[in-house]
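Here the structure comes first, spelled out in structure tokens, and everything after it is commentary.
Protein chains: 2
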Amino acid sequence: MTPTIKDVAKKANVSIATVSLVIHNHERISPETRLRVNRAIKELDYHPSRSARGLASKKSGNIGFIVTEDHFLRSEPFYTRIFLGTEFEARQNEYYILLTIIPADFKKGDKLPRCVLEHNVDGIIIAGKVPEDIINHLVEYDIPMAFVDYYPPSENFPVVLIDNFSGGHQATQHLLNLGHKNIGFIAGDIQHPSIRDRFQGYKMALEDANIEFDAGKCITDEDYPARENGYNAAKRLWENNKDITAVFSCNDAMAIGVMQYFKDAGIKIPEDVSIIGFDDVEADLSLDPPLCTISVPKIEMGIEVMRLINDVLKDRTKSAKKVLVPVEIVHRKSTAQVKH
Amino acid sequence: MTPTIKDVAKKANVSIATVSLVIHNHERISPETRLRVNRAIKELDYHPSRSARGLASKKSGNIGFIVTEDHFLRSEPFYTRIFLGTEFEARQNEYYILLTIIPADFKKGDKLPRCVLEHNVDGIIIAGKVPEDIINHLVEYDIPMAFVDYYPPSENFPVVLIDNFSGGHQATQHLLNLGHKNIGFIAGDIQHPSIRDRFQGYKMALEDANIEFDAGKCITDEDYPARENGYNAAKRLWENNKDITAVFSCNDAMAIGVMQYFKDAGIKIPEDVSIIGFDDVEADLSLDPPLCTISVPKIEMGIEVMRLINDVLKDRTKSAKKVLVPVEIVHRKSTAQVKH
DNA sequence: AGTTTTAATTAAAACGTTTAACTAACTATG
DNA sequence: CATAGTTAGTTAAACGTTTTAATTAAAACT
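Below, the structure written as structure tokens:
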């Protein structure tokens, strides 16, 4: 069988306690003993059993990654990439990530994820908007939590957010720089804090340019951010505003739908209408023309949130840090100077 | 603190062994006792500790999902979706998946993934081609393994494979049906068993149609399947074969590059050249025209391989099952009747 | 030399389960 | 009625660590 701590102890002629201390780099171990034990560990190719460790130390070595099913699947390239980022960083910190997809309609009495109930995670990362109820339920377990791309109102946790305001501002500013004055705005769930901030950025950029904000040019009531809703939003936008020369679509999935609508309507991009998105997903590059958009560092967000939770796990008194990750515009062919 | 099995035992007036037996649905428990224990479990909201279970039963409740870094990132939407499939099915079977990304150049002496060394997985799923060395190393641990989308030569394991031969045949047949006779073939790593099978399907379809196979119309030596290599392959193909009217690109990433080349060369799709891909990734829909391709049920593959490993875990004498998942052509605008 | 400090190591309990072996109380059998 | 068999449940060891308190040995003071 695979060697246990006992085998190492025997081989190094010490007690198992000493072996354990060596493994944890405890200071009060003489250099000679340390050497002897380490040699034994290497020779036997010993690796402590995760379960035994977990039981004795009450640390599972796992981090739960919670995301709702519709977020994960609907905007798949987005949260999967954040997940990948946490995964990368987790490896550095000797953690494993337990991906946990919860239904979007989690209610008060519902069962928490199994990994939480079974004490199989040391901390939790919550990605994207989740029902308040689950957060409230989770805090009762006083298990460290960190958020990414969403932040529950009225709570104080470490969090990684996109600099949405800046993104909205940059996007709009870019269109303004190209001479556009009639800029439509399209979004899914305007209740979502991220979207609200992008909207604020849009408004602020207009204000800075002394252009009056026109609510009639803003479609913000589509159900969720998907291509078909982008299509519909563009249709409604265009039918009521033949004067617009540019559209800022708050996310790329909808932007793709927007492009499709204009194509179907025989309106040329970017000659007749400029379009800019938000997210920078893979599909943008395959579009014709490729979509100009605000690029969000998804992998980095995952890395960053993993670091946050790791900090808390190292020192639970640590205060809740908030990180705003910067976004940047990527110039592609879907925008152009306004025609006169 | 959270309740333990002892608390349940006390509350139900039985020994902890009885509680354990009830949890595992052991037969030799009277209905009354069972009821009493279950009630206590519910009242206390008791959930067995994963670590303790793991230690006592030598089952971690985890499955390792191994994939090489370049596979995972390069063809991201592909293996991530397989991963998602395993994840979905794992939840049904009360397992968690530990995603483990290994370097593509794993060598003989390299360290195995931590989850294996620490006995933190009960079984392993290997997705995509991995170095032989790691497989050889892994078998020494006699831990159940199952493969998906790759199968090591000279081994006998449960495996889920795409019906690549049929896919290659269907794709080619579709082009033949449209009247094409000069059909180019483009692939990345022709050493890869999957690609080889697609190639066989292509050849066989030609043979069935009494069209002589022409190796000059096959580009199979690009380094890896990516857009830029598809672009280059198309360039080389076209420069030497101005007579081709259709291209079967063995995977969508390359197909996108192929389309780009033809566009740049002023050749119209599908009017001048029909293109069909293989995989059916998200980006295909954003292309202009949308890419006709062979659709691979990625999520289902993940589900299927998880079932396989689960079967083995339930009964380790089970013999190695092999599953060929069917593929189907999805008709989109990138192919058309050949011009005369 | 005797006492106190300090450094290094160990003994042993604890963590929360599973499970093989055992027991006590019935039930059936000849 | 003694014996064997069955049923329902219990005892206790085991799983492989961590960690606290205790122990020992050596060094440093009076």
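Residue numbers (my numbering), protein chains in the order written: chain A, 1 to 340; chain B, 1001 to 1340.
Ideal Cβ positions, reconstructed from N, Cα and C, are used throughout, including at glycine.
Keep in mind it's a predicted model, so treat the numbers as computed, not measured.
{"Asked": "Whole-angstrom C-beta distance between C250/A and G188/A, which should lie under 8 Å", "Found": "7 Å"}
{"Asked": "Chain-ordered chain B contacts of I256/A [CB-CB under 7 Å]", "Found": "S1286"}
{"Asked": "Spatial distance of I1343/B from I16/A (CA atoms)", "Found": "Summary: the structure shown does not reach residue 1343/B, with chain B confined to residues 1001 through 1340, and so no result is reported for it."}
{"Asked": "Spatial distance of E212/A from I195/A (CA atoms)", "Found": "20 Å"}
{"Asked": "Nearest residue (CA-CA) to P386/A, options R53/A, G54/A, Y150/A and Y141/A", "Found": "The shown model of chain A, from 1 to 340, leaves out residue 386/A, and the question about it has no answer."}
{"Asked": "The region 49 to 56 of chain A in contact with the region 1044 to 1064 of chain B per 3-pair CB rule at 8 Å", "Found": "yes"}
{"Asked": "P1289/B and K1333/B closer than 9 Å at C-beta", "Found": "yes"}
{"Asked": "Short CB-CB distance (under 9 Å) between C1250/B and chain A", "Found": "no"}
{"Asked": "DSSP three-state assignment for T1080/B, whether helix, strand or coil", "Found": "helix"}
{"Asked": "Assigned secondary structure, S1240/B (DSSP; H/G/I helix, E/B strand, else coil)", "Found": "Note that residue 1240/B is Asn in the sequence shown, not Ser. Correct three-state label for N1240/B: helix."}
{"Asked": "Reference N1164/B, options E1239/B, T1335/B, I1329/B and A1226/B, closest by Cα", "Found": "I1329/B"}
{"Asked": "Partner residues on chain B for G266/A, Cβ-Cβ distance less than 9 Å", "Found": "Per Cβ cutoff of 9 Å: no residues; G266/A is ~15 Å from chain B at best."}
{"Asked": "Backbone secondary structure at D1208/B - three-state DSSP", "Found": "helix"}
{"Asked": "Partners in chain A for E1118/B, counting only beta-carbon separations shorter than 9 Å", "Found": "H47, P48, S49, R50, S51, R53 and G61"}
{"Asked": "Separation of H1174/B from G123/A, as counted between CA atoms", "Found": "52 Å"}
{"Asked": "Unbroken stretches of the alpha helix (DSSP H), 4 residues or longer, contained in the region 20 to 77 of chain A", "Found": "31 to 44, 50 to 57 and 69 to 74"}
{"Asked": "Spatial distance of S1319/B from V1325/B (CA atoms)", "Found": "19 Å"}
{"Asked": "Alpha carbon of T2/A to alpha carbon of S30/A, nearest angstrom", "Found": "27 Å"}
{"Asked": "Residues within the region 1092 to 1111 of chain B neighbouring chain A, beta-carbon criterion of under 9 Å", "Found": "E1094, Y1096, I1097, L1098, L1099, T1100 and I1101"}
{"Asked": "Helix, strand or coil at G1360/B according to DSSP, with G and I counted as helix", "Found": "Lying before the first or after the last residue shown, residue 1360/B is absent from chain B, which here runs from 1001 to 1340."}
{"Asked": "Cβ of C292/A within 9 Å of any chain B Cβ", "Found": "no"}
{"Asked": "Inter-residue Cα distance where the pair is K11/A and A40/A", "Found": "6 Å"}
{"Asked": "Cross-chain neighbours of T1080/B in chain A, by beta carbon under 7 Å", "Found": "T80"}
{"Asked": "Segment limits, alpha helix (DSSP H) that includes G123/A", "Found": "Counting along the chain, G123/A falls outside any alpha helix (DSSP H), though it belongs to the beta strand (DSSP E) covering G123 to A127."}
{"Asked": "CB contact check: E1087/B to chain A, cutoff 9 Å", "Found": "yes"}
{"Asked": "Segment contact flag, the region 79 to 97 of chain A with the region 301 to 316 of chain A, C-beta cutoff 8 Å, min 3 pairs", "Found": "yes"}
{"Asked": "Within-9 Å CB hit, R1332/B to chain A", "Found": "no"}
{"Asked": "CB of A1255/B within 9 Å of CB of L1291/B, strictly", "Found": "yes"}
{"Asked": "Below-9 Å beta-carbon distance, F1072/B vs any chain A residue", "Found": "yes"}
{"Asked": "9 Å Cβ cutoff met for Q260/A and Y231/A", "Found": "yes"}
{"Asked": "C-beta neighbour in chain B for A283/A, strict 9 Å", "Found": "yes"}
{"Asked": "T1033/B versus D1007/B - alpha carbon distance", "Found": "16 Å"}
{"Asked": "Beta-carbon spacing of D284/A, S1286/B below 9 Å", "Found": "yes"}
{"Asked": "Residues sharing a beta bridge with S295/A, DSSP", "Found": "D279/A and E328/A"}
{"Asked": "Stretch pair the region 61 to 72 of chain A + the region 95 to 111 of chain A: three plus CB contacts closer than 8 Å", "Found": "yes"}
{"Asked": "Span of the alpha helix (DSSP H) around M1001/B", "Found": "M1001/B -> no alpha helix (DSSP H), and no H or E assigned at all."}
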